[in-house]
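> Quick note, the sequences are listed as chains A and B, same order. Position in the first sequence (first residue = 1) + 518 = the working numbering. Position in the second sequence (first residue = 1) + 145 = the working numbering. C-beta atoms are modelled at their ideal positions from N, C-alpha and C, and glycine is treated no differently. Input: one structure, supplied below.
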Amino acid sequence: MNRATKHLLFAAAGLLAISAVAGDLKIGVAEALTGGAAQYGVPIRNGFQLAADEINAKGGINGNKLVLVIEDEQGKKEEAINVFKKLIFQDKVLMIFGPTLSNSMFAAGPVANAAKVVAFGTSNTANGISEMGPYIFRNSVMESDVLPVTVSTAVKHYKIKKVAVIYGNDDAFTKSGYDVFKKVLEDQKIPVTTTETYVKGDVDFKAQLTKIKATNPDAVICSGLAEEAATLMVQARGLGLKVPFIGGNGFNSPKLFEVSKTAGEGTFVGSPWANTNPTPANQHFVEAYRAKYGSEPNQFAAQAFDAMTIAAAALKTVKVTGNLANDREALHAALPKVAISGATGPFKFRQSVGKDGKLAGYDADQKPFIYVIREGKFVLFTGK
Amino acid sequence: MLEQQLVNALTLGSVYALFSLGFTLVFGVLEVINLSHGAMFMAGSFAAMTVVTRFKAPLAVGILAAMLVSGLLGLAIDALILKRLRARHAPHLIPMIATIGATTVLTSAAQGLFGVEVQRFPDELLSTREFIFGSVHVRALELAIVGISFLLMTTLFLVLRHTRQGRALRAIAESPKAAALLGVNVEGLFMATSFTAAALGGVAGLLIGLNFNSVTPLMGQPILHKGIAVVILGGMGDIRGALFGGLFLGFAEVLSKAYLSSQMGDAVAFGLLFLILLVRPAGLFGRVLERKA
């Protein structure tokens, strides 16, 4: 970079600083906008932007406008740390949303915690995120909160006595889903007839499915990604295995139906968000998202939208003084008290306990939605 | 359960055999381990998918497109890479590495053209018809794959045994120099072999893509690893070896998943491969390797 460009950049930075007038509330957004995790990061960014634009259009928060400082953390740990430092020390934001992946939160979260700035994840579902410290928040519901409800609902509906389990054992996400399922089945005292595995790239599951069929289970529990799960269900039906499936979080994708068509009929899946949830808050979100971005929103966009609503509710109760440290602390104190009813339904925080036994950050305290697949679509399960 | 698992093994084994056919043909004639065979497999799938979805062509045209596109790609790789290396008498390792490069180029091109997401064939193409014999379920498509594998293999075997071109090819396999001295058009047959092998790879890609209804730029990689094992097991360059090697791997994998543990499938299959090679280092149908020494 030559000297002239450097000057130019400084001038631009100066202009930006001026344009952010005293009454602006600067919120950092650190999400993966490029790279593999961008499929999650981009809808998340859209969700934030949609919520912030709506709030500003209605006059902002106590007369102050929300200003989002959006940075791309590329789904990488190192980049997440860099972006967090930039947002905290250079941009001087009040709080940070993100990063996209749990791995990145484990890397960047401690930076925010040490600087006493709230880091608010909307898509981190790994265990131990909020245990990192009191400044770590998330509104993403963990699998350990969703799967027990999914299993118990399906067990009750189908009068399930015993299940077979199949999962991808070389993927962190499907393996952790399996671990949760295993614990849930132990807790609910449901016998497992057999546990089968496959690896990424497998397209032929017939050997495992034939074995499962021979053990005669009442249902098959599957922790897999949508692509694999769909093929798996098609092959199961082809082998005459007709029992219903119970799916992990990986099933939550419209991709499931591209292949499986009607093979997934009767499958139970839990999700923190239901696109068909008829509450006004959700219907408003779905329509506004469609209108603004011309595409269907997903769970990640909904959780980001709600997270911004939660932050706005907290900011409303905060008297912004202009003293950055005090304002950040006031926001941190106000957040846990927020309870809203958003696109993902009624929400409040639940404080977690760190490894040292002290109270740490905050998790979502929220009920999951249970879906059942009927005629190749997710239908909200209403007990029938 | 056993009957069903045997059918599962037969279909999986036929898939492996079908893939390995072209792979082993190239090795037998050109003595090149052509690692771009996985990319031919993928290209055939995409070519067929493009003509049946974009141009609404019937499946027969799709099969022709798969053979033609993959065959021409194979020919191009031969003309651009393998021919030059042959002319320079490059050692065996060089064409192998060069074809890895060709694979990278082709898969990246496919990712650029078609995207990284899984593509599907249109519903009406996918025959959902299935046959039920007692407790055994088989889909029509699976039977077709088994049938086509055996048919192609028999045809290829007979062509190599009983036609003039086949004899010329076998002469080349013995010694390209001697064959050339006897008036065999060695370069021409090399090219023809590259085309045929790649075209066979393309058909395999189409059939397997149809069977699992999943076509991606990287679909050639996992099966390439299995294909290498099949070719080594069957005896490098032997057509019967591709069939028996493929079936052996299919049965070993499925039966170990069925009666041991699904984590053990590959471990058992490759463990057995290792044991067989200890006893027969040249593979099931392999000739003595030292002949040239």
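#1: Just by C-beta distance, which residues in the stretch 742-754 of chain A are closer than 7 Å to chain B?
#2: Using the C-alpha atoms, what's the distance from L213/B back to A247/B?
#3: Tell me whether A412/B is buried or exposed, calling it buried when 16 or more other Cβ atoms sit within 10 Å of its Cβ.
#4: Would you be able to state if there are at least three C-beta pairs under 8 Å between the stretch 712-724 of chain A and the stretch 769-783 of chain A?
#5: Within the same chain, show all residues whose beta-carbon is closer than 6 Å to that of L533/A, passing over the 5 residues directly before and after it, in chain order.
#6: Where does I545/A sit, in a helix, a strand or coil, going by DSSP?
#7: Does the beta carbon of K718/A fall short of 7 Å from some heavy atom of the ligand GTP?
#8: Whose CA, out of I208/B, L423/B, L334/B, G350/B, lies closest to the CA of S159/B?
#9: Closer than 7 Å between beta carbons: that is the criterion. Which residues of the stretch 280-305 of chain B meet it against chain A?
#10: In chain B, which residues lie with their C-beta within 9 Å of the C-beta of T785/A?
#11: DSSP three-state call for Y653/A: helix, strand or coil?
#12: Can you tell me whether A575/A is buried or exposed, with buried defined as 16 or more other CB within 10 angstroms of its CB?
#13: Leaving out five residues on either side along the sequence, give the residues of the same chain with a beta carbon under 7 Å from the beta carbon of I178/B.
#14: Keeping to the same chain, check which residues put their C-beta closer than 8 Å to that of R274/B; ignore five residues upstream and five downstream.
#15: In the stretch 173-203 of chain B, which residues sit with their C-beta less than 8 Å from some C-beta in chain A, listed in chain order?
#16: Anything in chain A within Cβ reach of E332/B, meaning under 9 Å, just list it in chain order.
#17: From which residue to which residue does the alpha helix (DSSP H) around D881/A run?
#18: Run through chain B and tell me which residues come within less than 8 Å of A732/A, C-beta to C-beta.
#19: For K610/A, I'd like the list of residues in its chain whose CB is within less than 6 Å of its CB, leaving aside the five on either flank, ordered along the chain.
#20: Does any CB atom of chain A fall closer than 8 Å to the CB of V399/B?
#21: Would you decide whether K731/A is buried or exposed? Buried here means 16 or more other CB atoms lie within 10 Å of its CB.
#22: Please list the segments of the alpha helix (DSSP H) lying wholly inside the stretch 224-293 of chain B, counting only runs of 4 or more residues, in order along the chain.
#23: For Y811/A and N621/A, what's the separation of their Cα atoms in angstroms?
#24: Alpha carbon to alpha carbon, how far is Y161/B from G391/B? Give it in angstroms, no decimals.
#25: Closest to N358/B by CA distance: which of N600/A, L759/A, T749/A, Q608/A is it?
#26: Distance check for K679/A and V673/A, CA to CA, integer angstroms please.
#27: Counting beta carbon pairs with one atom in the stretch 412-424 of chain B and one in the stretch 183-203 of chain B, are three or more of them shorter than 8 Å?
#28: Hey, A822/A and L849/A: beta-carbon distance below 8 Å or not?
#29: Grouping DSSP H, G and I as helix and E and B as strand, with all else coil, what is F430/B?
#30: Which whole-angstrom value describes the C-beta separation of L369/B and L180/B, a residue pair presumed to lie in contact below a C-beta threshold of 8 Å?
#31: Does the separation of the CB atoms of E591/A and A556/A fall below 8 Å?
#32: Just confirm the distance between the C-beta atoms of R868/A and M613/A, as a whole number of angstroms; I'd bet it's less than 8 Å.
#33: I'd like to know whether the C-beta of K371/B is nearer than 8 Å to at least one C-beta of chain C.
#34: Let me confirm a value: T249/B is counted as buried when at least 16 other C-beta atoms fall within 10 Å, else exposed. Which label applies?
#35: I want to verify the contact list: residues of chain A whose CB lies under 8 Å from the CB of F357/B, in sequence order.
#36: Determine the DSSP secondary structure at A202/B, reduced to helix, strand or coil.
The short version:
#1: If the cut-off is 7 Å between Cβ atoms, the stretch 742-754 of chain A has E745, T749 near chain B.
#2: As a position in the second sequence, residue 247/B is number 102, starting the count at 1. As a position in the second sequence, residue 213/B is number 68, starting the count at 1. Roughly 18 Å separates the two Cα atoms.
#3: If you number the second sequence from 1, residue 412/B lands on position 267. The residue is exposed, with fewer than 16 neighbouring Cβ atoms inside 10 Å.
#4: Touching, no.
#5: The residue you call residue 533/A lines up with position 15 of the first sequence. Legend: pLDDT at L533/A = 48, less than 50; position of this residue unreliable, value from coordinates given subsequently. Counting only Cβ-Cβ distances below 6 Å, and skipping sequence neighbours, we find nothing.
#6: Indexing the first sequence from 1 puts residue 545/A at position 27. Reduced to three states, the DSSP call for I545/A is strand.
#7: Absent from the structure shown: the ligand GTP. Ligands present: none.
#8: Mapped onto the second sequence, residue 159/B falls at position 14. Among I208/B, L423/B, L334/B, G350/B, the Cα nearest to that of S159/B is on G350/B.
#9: Hits within the stretch, in order: H282, R284.
#10: Position 267 of the first sequence, counted from the first residue, corresponds to residue 785/A. Chain B residues near T785/A: none, gap ~18 Å exceeds 9 Å.
#11: By one-based count along the first sequence, residue 653/A stands at place 135. Residue state, collapsed to three classes: coil.
#12: As a working note, residue 575/A is residue 57 in the first sequence. A575/A is exposed by the Cβ-count criterion.
#13: On the second sequence, residue 178/B is found 33 positions in, with the first residue counted as 1. Within the same chain, I178/B has close Cβ partners F172, M241.
#14: For the purposes of this step, residue 274/B is taken as the residue at position 129 of the second sequence. Excluding positions up to five away in sequence, the list reads R284, A285.
#15: None of the residues of the stretch 173-203 of chain B has a beta carbon lying less than 8 Å from any beta carbon of chain A.
#16: Against the second sequence, residue 332/B aligns to sequence position 187. Within chain A, no residue comes near E332/B; the closest Cβ sits about 37 Å away, beyond 9 Å.
#17: Working through the first sequence from its first residue, we reach residue 881/A at position 363. Per DSSP, D881/A belongs to no alpha helix (DSSP H); it is in the beta strand (DSSP E), 877-883.
#18: Position 214 of the first sequence, counted from the start, is the residue given in the question as residue 732/A. Below the 8 Å Cβ cutoff, chain B contributes M146 as neighbours of A732/A, in chain order.
#19: In the first sequence, counting from the first residue as 1, residue 610/A sits at position 92. Excluding positions up to five away in sequence, the list reads L842.
#20: What you label residue 399/B is simply residue 254 of the second sequence in a count that begins at 1. For V399/B, the answer is yes, since a Cβ of chain A falls inside 8 Å of its Cβ.
#21: Taking the first residue of the first sequence as 1, we reach residue 731/A at position 213. Answer is buried; the Cβ neighbour count reaches 16.
#22: Counting only runs of 4+ residues, the alpha helix (DSSP H) found wholly inside the stretch 224-293 of chain B occupies 228-232, 238-259, in chain order.
#23: The residue you call residue 811/A lines up with position 293 of the first sequence. The residue you call residue 621/A lines up with position 103 of the first sequence. Looking at the two C-alpha atoms, the distance is approximately 28 Å.
#24: Along the second sequence, read from residue 1 onward, the residue named residue 391/B stands at position 246. Along the second sequence, read from residue 1 onward, the residue named residue 161/B stands at position 16. Spanning the alpha carbons of G391/B and Y161/B requires a straight line of approximately 5 Å.
#25: For the purposes of this step, residue 358/B is taken as the residue at position 213 of the second sequence. Comparing Cα-Cα distances from N358/B to each of N600/A, L759/A, T749/A, Q608/A, the minimum goes to T749/A.
#26: Start at 1 with the first residue of the first sequence, and residue 673/A comes out as number 155. Start at 1 with the first residue of the first sequence, and residue 679/A comes out as number 161. Going from the Cα of V673/A to the Cα of K679/A covers about 8 Å.
#27: Counting C-beta pairs closer than 8 Å gives fewer than three between the stretch 183-203 of chain B and the stretch 412-424 of chain B, which falls short of the contact rule.
#28: Locating residue 822/A in the first sequence gives position 304, where the first residue counts as 1. Locating residue 849/A in the first sequence gives position 331, where the first residue counts as 1. At a Cβ-Cβ threshold of 8 Å, A822/A and L849/A do not count as neighbours.
#29: The residue labelled residue 430/B in the question sits at position 285 within the second sequence. In this structure, F430/B counts as coil in the three-state DSSP scheme.
#30: Position 224 of the second sequence, counted from the first residue, corresponds to residue 369/B. Position 35 of the second sequence, counted from the first residue, corresponds to residue 180/B. Sure, about 7 Å apart at Cβ, within 8 Å.
#31: Along the first sequence, read from residue 1 onward, the residue named residue 591/A stands at position 73. Along the first sequence, read from residue 1 onward, the residue named residue 556/A stands at position 38. In this structure, A556/A does not lie closer than 8 Å to E591/A by Cβ.
#32: Here residue 868/A is taken as the residue at index 350 of the first sequence, counted from 1. Here residue 613/A is taken as the residue at index 95 of the first sequence, counted from 1. Between M613/A and R868/A the Cβ distance is about 19 Å, and since that is not below 8 Å, they are no contact.
#33: Of the protein chains in the structure, A and B, none is chain C.
#34: Translated into the one-based positions of the second sequence, residue 249/B becomes position 104. T249/B should be labelled exposed.
#35: Working through the second sequence from its first residue, we reach residue 357/B at position 212. Contacts between F357/B and chain A, judged by CB atoms closer than 8 Å, involve V721, D722, T749 in chain order.
#36: As a first step, residue 202/B is located in the second sequence; it is residue number 57 there, counting from the start. Residue state, collapsed to three classes: coil.
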